[in-house]
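> Have a look at this one before I ask anything.
There are 4 protein chains.
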Amino acid sequence: MTLRARLHRELHIGSWPNGKLTLLNKLVVWAILAALGVGIVATEPNIREPYQHEILIAEFAFGMIFLLEYLARIYAAPEREGPESDFSKRVKFMVSPIGLIDLLVVLVSLAPFFIANAAVLRVIRLLRIVSILKFSRFSAAMREIGAALRERSYDLLVCATLAFVLVLLGAAGLYWVEGSIQPEAFGSIPRALWWAVITLTTVGYGDVYPITTPGRMIGMLVAIGGVLLVALPTGIVAAAFSDAMQRRRKAMKKALEEIEAKTDL
Amino acid sequence: MTLRARLHRELHIGSWPNGKLTLLNKLVVWAILAALGVGIVATEPNIREPYQHEILIAEFAFGMIFLLEYLARIYAAPEREGPESDFSKRVKFMVSPIGLIDLLVVLVSLAPFFIANAAVLRVIRLLRIVSILKFSRFSAAMREIGAALRERSYDLLVCATLAFVLVLLGAAGLYWVEGSIQPEAFGSIPRALWWAVITLTTVGYGDVYPITTPGRMIGMLVAIGGVLLVALPTGIVAAAFSDAMQRRRKAMKKALEEIEAKTDL
Amino acid sequence: MTLRARLHRELHIGSWPNGKLTLLNKLVVWAILAALGVGIVATEPNIREPYQHEILIAEFAFGMIFLLEYLARIYAAPEREGPESDFSKRVKFMVSPIGLIDLLVVLVSLAPFFIANAAVLRVIRLLRIVSILKFSRFSAAMREIGAALRERSYDLLVCATLAFVLVLLGAAGLYWVEGSIQPEAFGSIPRALWWAVITLTTVGYGDVYPITTPGRMIGMLVAIGGVLLVALPTGIVAAAFSDAMQRRRKAMKKALEEIEAKTDL
Amino acid sequence: MTLRARLHRELHIGSWPNGKLTLLNKLVVWAILAALGVGIVATEPNIREPYQHEILIAEFAFGMIFLLEYLARIYAAPEREGPESDFSKRVKFMVSPIGLIDLLVVLVSLAPFFIANAAVLRVIRLLRIVSILKFSRFSAAMREIGAALRERSYDLLVCATLAFVLVLLGAAGLYWVEGSIQPEAFGSIPRALWWAVITLTTVGYGDVYPITTPGRMIGMLVAIGGVLLVALPTGIVAAAFSDAMQRRRKAMKKALEEIEAKTDL
Numbered sequence: 002m003t004l005r006a007r008l009h010r011e012l013h014i015g016s017w018p019n020g021k022l023t024l025l026n027k028l029v030v031w032a033i034l035a036a037l038g039v040g041i042v043a044t045e046p047n048i049r050e051p052y053q054h055e056i057l058i059a060e061f062a063f064g065m066i067f068l069l070e071y072l073a074r075i076y077a078a079p080e081r082e083g084p085e086s087d088f089s090k091r092v093k094f095m096v097s098p099i100g101l102i103d104l105l106v107v108l109v110s111l112a113p114f115f116i117a118n119a120a121v122l123r124v125i126r127l128l129r130i131v132s133i134l135k136f137s138r139f140s141a142a143m144r145e146i147g148a149a150l151r152e153r154s155y156d157l158l159v160c161a162t163l164a165f166v167l168v169l170l171g172a173a174g175l176y177w178v179e180g181s182i183q184p185e186a187f188g189s190i191p192r193a194l195w196w197a198v199i200t201l202t203t204v205g206y207g208d209v210y211p212i213t214t215p216g217r218m219i220g221m222l223v224a225i226g227g228v229l230l231v232a233l234p235t236g237i238v239a240a241a242f243s244d245a246m247q248r249r250r251k252a253m254k255k256a257l258e259e260i261e262a263k264t265d266l
Numbered sequence: 002m003t004l005r006a007r008l009h010r011e012l013h014i015g016s017w018p019n020g021k022l023t024l025l026n027k028l029v030v031w032a033i034l035a036a037l038g039v040g041i042v043a044t045e046p047n048i049r050e051p052y053q054h055e056i057l058i059a060e061f062a063f064g065m066i067f068l069l070e071y072l073a074r075i076y077a078a079p080e081r082e083g084p085e086s087d088f089s090k091r092v093k094f095m096v097s098p099i100g101l102i103d104l105l106v107v108l109v110s111l112a113p114f115f116i117a118n119a120a121v122l123r124v125i126r127l128l129r130i131v132s133i134l135k136f137s138r139f140s141a142a143m144r145e146i147g148a149a150l151r152e153r154s155y156d157l158l159v160c161a162t163l164a165f166v167l168v169l170l171g172a173a174g175l176y177w178v179e180g181s182i183q184p185e186a187f188g189s190i191p192r193a194l195w196w197a198v199i200t201l202t203t204v205g206y207g208d209v210y211p212i213t214t215p216g217r218m219i220g221m222l223v224a225i226g227g228v229l230l231v232a233l234p235t236g237i238v239a240a241a242f243s244d245a246m247q248r249r250r251k252a253m254k255k256a257l258e259e260i261e262a263k264t265d266l
Numbered sequence: 002m003t004l005r006a007r008l009h010r011e012l013h014i015g016s017w018p019n020g021k022l023t024l025l026n027k028l029v030v031w032a033i034l035a036a037l038g039v040g041i042v043a044t045e046p047n048i049r050e051p052y053q054h055e056i057l058i059a060e061f062a063f064g065m066i067f068l069l070e071y072l073a074r075i076y077a078a079p080e081r082e083g084p085e086s087d088f089s090k091r092v093k094f095m096v097s098p099i100g101l102i103d104l105l106v107v108l109v110s111l112a113p114f115f116i117a118n119a120a121v122l123r124v125i126r127l128l129r130i131v132s133i134l135k136f137s138r139f140s141a142a143m144r145e146i147g148a149a150l151r152e153r154s155y156d157l158l159v160c161a162t163l164a165f166v167l168v169l170l171g172a173a174g175l176y177w178v179e180g181s182i183q184p185e186a187f188g189s190i191p192r193a194l195w196w197a198v199i200t201l202t203t204v205g206y207g208d209v210y211p212i213t214t215p216g217r218m219i220g221m222l223v224a225i226g227g228v229l230l231v232a233l234p235t236g237i238v239a240a241a242f243s244d245a246m247q248r249r250r251k252a253m254k255k256a257l258e259e260i261e262a263k264t265d266l
Numbered sequence: 002m003t004l005r006a007r008l009h010r011e012l013h014i015g016s017w018p019n020g021k022l023t024l025l026n027k028l029v030v031w032a033i034l035a036a037l038g039v040g041i042v043a044t045e046p047n048i049r050e051p052y053q054h055e056i057l058i059a060e061f062a063f064g065m066i067f068l069l070e071y072l073a074r075i076y077a078a079p080e081r082e083g084p085e086s087d088f089s090k091r092v093k094f095m096v097s098p099i100g101l102i103d104l105l106v107v108l109v110s111l112a113p114f115f116i117a118n119a120a121v122l123r124v125i126r127l128l129r130i131v132s133i134l135k136f137s138r139f140s141a142a143m144r145e146i147g148a149a150l151r152e153r154s155y156d157l158l159v160c161a162t163l164a165f166v167l168v169l170l171g172a173a174g175l176y177w178v179e180g181s182i183q184p185e186a187f188g189s190i191p192r193a194l195w196w197a198v199i200t201l202t203t204v205g206y207g208d209v210y211p212i213t214t215p216g217r218m219i220g221m222l223v224a225i226g227g228v229l230l231v232a233l234p235t236g237i238v239a240a241a242f243s244d245a246m247q248r249r250r251k252a253m254k255k256a257l258e259e260i261e262a263k264t265d266l
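Protein chains in written order, with my numbering: chain A, 2 to 266; chain B, 2 to 266; chain C, 2 to 266; chain D, 2 to 266.
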């Protein structure tokens with residue numbers, strides 16, 4: 002097996018039939034996570050200033066790693082199956098979503114040498130991890146969860162609508178009742194929406210809260226509604242998963258019986 | 002097909018057999034959402050004052066749209082099935098709940114030209130959306146959820162009663178323990194109820210909280226009770242949904258088998 | 002049917018085979034709820050002082066109603082089945098738990114005329130409602146929930162132990178890390194426990210919270226643990242309910258089939 | 002039966018076939034809990050100072066109990082099954098994890114006489130309880146929960162990853178939007194992470210919160226994401242438990258049928 006073929010197998014994700022990532026892909030995932038970590042920590046002034054030099058070196062090293070990986074992938078692209086010429090296979094990889102994300106990550110990693118304060122941009126690296134995970138067993142679980150949620154999408158839409166109506170009524174109610182007492186917090190419905198969402202999700206910062214008796218009654222209703230609006234989607238999701246697991250089991254049982262029936266003949 | 006027949010099919014919701022909304026109905030839903038949005042945003046003084054003119058125009062335009070739709074519905078009403086005369090069919094629509102909600106929405110949309118500060122009134126438009134959704138697939142999901150909850154209504158009532166008792170005991174406990182220390186927050190059971198509900202729902206604003214050791218012990222119990230009172234109804238709801246989905250599957254399987262049995266004959 | 006027999010049927014809860022409360026029992030439940038409401042509201046100084054006279058009258062009236070009901074129950078007690086004499090049946094009722102709760106409620110309702118500030122005592126009336134509900138369909142649901150929870154009691158115990166360990170570790174951690182920085186909040190493990198419980202239950206008042214980086218890391222772990230410790234018992238409870246519902250359905254199906262098999266013979 | 006054999010049976014956990022702890026083991030559990038309680042309470046200055054003497058005595062007594070138990074276990078170790086000599090069995094116990102934990106607890110309990118402020122160390126006693134519970138019915142429930150979670154580990158990993166991404170995006174967003182307005186709270190991504198985690202877990206202390214409109218919008222999204230990230234793992238866990246219970250029931254049914262089939266022959 003040539004070096005190029007080996008590179009292809011190691012880098013082009015999803016090559017292993019058991020859904021496990023290859024060693025090189027694992028290393029790339031760890032490099033991205035490390036680069037992400039350095040990028041996050043480097044936004045902290047207390048760390049950035051004393052270690053400015055070290056951070057720059059690390060950023061450059063990560064940029065080089067991603068660049069190398071990108072070039073290796075272009076180099077190994079012709080190993081893909083297909084009748085096209087080597088050149089067209091390479092171009093095809095470069096304009097594919099994964100190729101573009103790869104390029105983006107390289108550019109973003111080398112950006113601090115050109116653009117100042119590119120910290121937020123670098124969160125784009127998350128996309129890169131997602132693009133690798135897309136081919137692993139992780140992705141199968143993700144698809145299953147997505148399918149289970151999509152199957153009950155109308156039920157979840159009902160929950161979302163109920164939440165929306167409750168938030169709107171709560172905000173309108175407090176605007177009506179305490180709008181003139183606490184104008185800063187409830188002086189308009191958009192302002193009151195902040196309070197309504199933070200209460201319905203049971204976060205409850207306590208920066209704004211009703212202080213009159215009718216306002217507190219509305220507040221209690223929204224808070225109780227919040228508990229129900231956790232219970233409802235959770236119940237729906239639980240039922241969807243339970244159902245999906247049962248169907249899979251039955252499908253597997255049926256497939257097994259068919260195999261047995263065939264071997265009997 | 003006459004224009005009137007087409008109008009009827011487009012406007013009278015639920016005409017499509019697949020449960021999808023017709024184009025005109027979709028437009029009406031979006032118009033209501035837009036009108037709702039404008040109404041909400043217009044309560045914000047920082048926006049209302051500079052854009053007073055634009056908001057007035059938008060409100061008027063929405064009012065006109067809803068008026069037009071209302072008149073078109075009255076015009077198309079005779080297309081309904083039934084032996085009554087055109088006039089009696091139109092009156093029947095006008096006094097039906099949907100007709101009345103329609104009229105209300107028109108009046109409410111044109112209200113700011115007659116009444117000052119009608120913002121809260123306009124939340125009534127939500128009703129209008131509900132009246133359209135009533136005939137879509139959304140509504141089937143809503144009915145299913147309602148049915149699942151109704152089936153376990155006694156279980157949920159037990160949860161509500163437990164919550165009620167826990168809130169009452171918590172409020173009475175803190176009134177007893179900290180009533181004289183924090184009279185503003187716990188000086189009476191109704192005052193302490195605010196704290197109890199906000200704690201049990203795990204919102205926890207932090208505007209009032211116990212400060213003595215016995216008060217904090219009661220607070221911990223109510224907080225722990227809050228976690229259980231999320232778990233209990235969620236579990237019940239999940240089981241109800243799971244059960245409903247299984248029954249539906251079995252019913253479908255049985256119906257299928259019956260059809261097969263018939264075709265065999 | 003004599004008056005005494007009617008009284009017995011109306012008052013002695015659980016007489017109806019369909020699990021519904023009799024009219025008189027419903028009235029008693031409402032009277033207790035009303036008395037409870039008056040008792041709660043009367044703790045509020047802003048209401049107690051101006052309406053002192055009205056509250057006293059209401060309290061007296063409720064006391065009389067409960068006294069009357071108690072006497073009527075004693076009078077009707079001989080209608081119970083059994084070979085004992087009328088007198089022994091009456092004594093038996095008076096010393097039964099329900100009879101004693103009845104007496105307690107009467108005494109508590111008339112207490113304000115003898116003892117000052119008996120507000121907290123009157124929460125005992127809740128017991129009375131429970132004693133009535135014990136015989137209704139409500140109670141069947143309560144028993145089912147209890148059975149489902151008891152069946153998974155070891156799983157729930159594991160959750161409780163995990164929560165206990167997490168709370169203890171969190172409190173010990175913050176005592177260790179921030180005990181000298183925020184002595185008022187974390188100066189000892191018992192003090193830090195308040196923070197740990199309020200965080201793990203995701204209430205989060207915000208009266209105490211970590212301010213150092215290691216303290217915040219512990220805080221994040223406890224907060225994340227809180228989400229898991231909601232998910233775990235909820236999942237267990239959901240599975241228990243789902244299982245209980247399925248078993249009941251199968252038992253009903255089996256019973257039905259047996260009846261059909263008998264009728265076939 | 003010799004005293005040594007009895008000691009062995011009483012002390013070496015898991016000897017009873019019904020999964021119940023022996024009397025001596027129960028006493029040891031209670032002693033550990035009591036020692037843990039004394040250790041926790043003793044960190045409170047208001048209690049430690051006036052009761053310094055009593056606490057010292059209690060600590061010493063607990064230390065002696067654990068020492069005695071440790072010695073008794075070494076003494077009874079030769080009763081274990083196996084062909085080794087008494088001495089090698091004793092050494093084997095002493096270097097086993099349980100033996101080492103035992104020794105550690107003894108040392109930790111007697112530590113305050115040598116080291117000052119050893120409070121945090123003593124939480125190690127929790128390990129001791131776990132090591133006893135390992136052999137009881139409690140442990141079976143723990144294994145079942147662990148198995149159910151492990152089976153869905155990829156689904157739960159997806160949830161954790163989603164939570165991680167949401168926290169990161171939320172923190173990066175607020176750093177971007179409010180980093181210069183509230184530098185203390187959002188001046189770097191690591192600082193903003195504290196807010197993001199406390200919001201996503203719906204704890205919501207309220208020590209830091211967004212104050213601008215775009216910041217609040219991000220805050221709302223994180224809060225709503227928090228509700229979904231409770232619903233998702235809960236649903237997965239519920240389905241896993243439901244599935245585990247069903248499989249166990251089927252396995253038991255099958256085993257029963259096999260037994261019946263054998264007895265028929």
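Ideal Cβ placement from N, Cα and C applies to all residues, glycine included.
All values reported here derive from a predicted model rather than from experimental measurement.
1) Who are the Cβ neighbours of residue 103 of chain D in its own chain at under 6 Å, not counting the five residues just before and after it?
2) Taking residue 227 of chain D as the reference, which of D:193, D:205, D:240 and D:242 has the closest Cα?
3) Going by Cα to Cα distance, which pick from B:188, B:82, B:24 and B:29 is closest to residue 106 of chain B?
4) Are the beta-carbon atoms belonging to residue 110 of chain D and residue 60 of chain D less than 9 Å from one another?
5) Quick check: is the beta carbon of residue 205 of chain D nearer than 9 Å to any beta carbon in chain B?
6) At least one CB of chain D closer than 9 Å to the CB of residue 248 of chain B: is that the case?
7) Go to residue 55 of chain D, then tell me how far its alpha helix (DSSP H) extends in each direction, as first and last residue.
8) Chain B beta carbons: is any one of them nearer than 9 Å to that of residue 190 of chain A?
9) Considering only their Cβ atoms, is the gap separating residue 78 of chain B from residue 9 of chain B smaller than 9 Å?
10) Closer than 7 Å between beta carbons: that is the criterion. Which residues of the segment 208-227 of chain C meet it against chain B?
11) Answer yes if the segment 230-247 of chain B comes into contact with the segment 232-246 of chain A, meaning at least three C-beta pairs across the two stretches below 8 Å, and no otherwise.
12) Can you find a CB in chain B that lies within less than 9 Å of the CB of residue 232 of chain A?
13) Identify the continuous alpha helix (DSSP H) that holds residue 185 of chain C and give its terminal residues.
14) Measure the C-alpha to C-alpha separation of residue 221 of chain B and residue 156 of chain D and round it to an integer number of angstroms.
15) In chain order, what residues of the segment 236-247 of chain A put their CB closer than 8 Å to some CB of chain C?
16) So what does DSSP say about residue 209 of chain A, is it helix, strand or coil?
17) Are the beta-carbon atoms belonging to residue 149 of chain A and residue 242 of chain A less than 9 Å from one another?
18) Measure the beta-carbon distance from residue 158 of chain B to residue 142 of chain C and round it to whole angstroms, keeping in mind my assumption that it falls under 8 Å.
19) For residue 84 of chain B, does the three-state DSSP call read helix, strand or coil?
20) Using 8 Å as the threshold, is the segment 190-205 of chain C in touch with the segment 208-216 of chain D, meaning 3 or more CB pairs across them?
21) Tell me which residues share the same chain as residue 213 of chain B and place their Cβ nearer than 8 Å to its Cβ, disregarding the 5 neighbours each side in the sequence.
22) Can you pull out the residues from the segment 67-100 of chain D whose beta carbon lies closer than 8 Å to at least one beta carbon of chain C?
23) Run through DSSP, which three-state label would residue 97 of chain A get?
24) For residue 97 of chain C, count the other beta carbons within 10 Å of its own beta carbon; 16 or more makes it buried, fewer makes it exposed. Which is it?
Result, derived from the coordinates:
1) 71
2) When each option's Cα is compared against that of residue 227 of chain D, the closest is D:205.
3) B:29
4) Yes, these two residues count as a Cβ contact at 9 Å.
5) yes
6) The beta-carbon of residue 248 of chain B is placed no less than 9 Å from the nearest beta-carbon of chain D.
7) Where residue 55 of chain D is concerned, the enclosing alpha helix (DSSP H) stretches over 53-77.
8) yes
9) yes
10) 208
11) yes
12) yes
13) Looking at the DSSP string, the run of the alpha helix (DSSP H) that includes residue 185 of chain C is 184-187.
14) 32 Å
15) For the segment 236-247 of chain A, which is checked against every Cβ of chain C, the residues closer than 8 Å are 236, 239 and 243.
16) coil
17) yes
18) 7 Å
19) Here residue 84 of chain B carries a coil assignment [DSSP, helix/strand/coil].
20) no
21) 178, 179 and 182
22) none
23) coil
24) exposed
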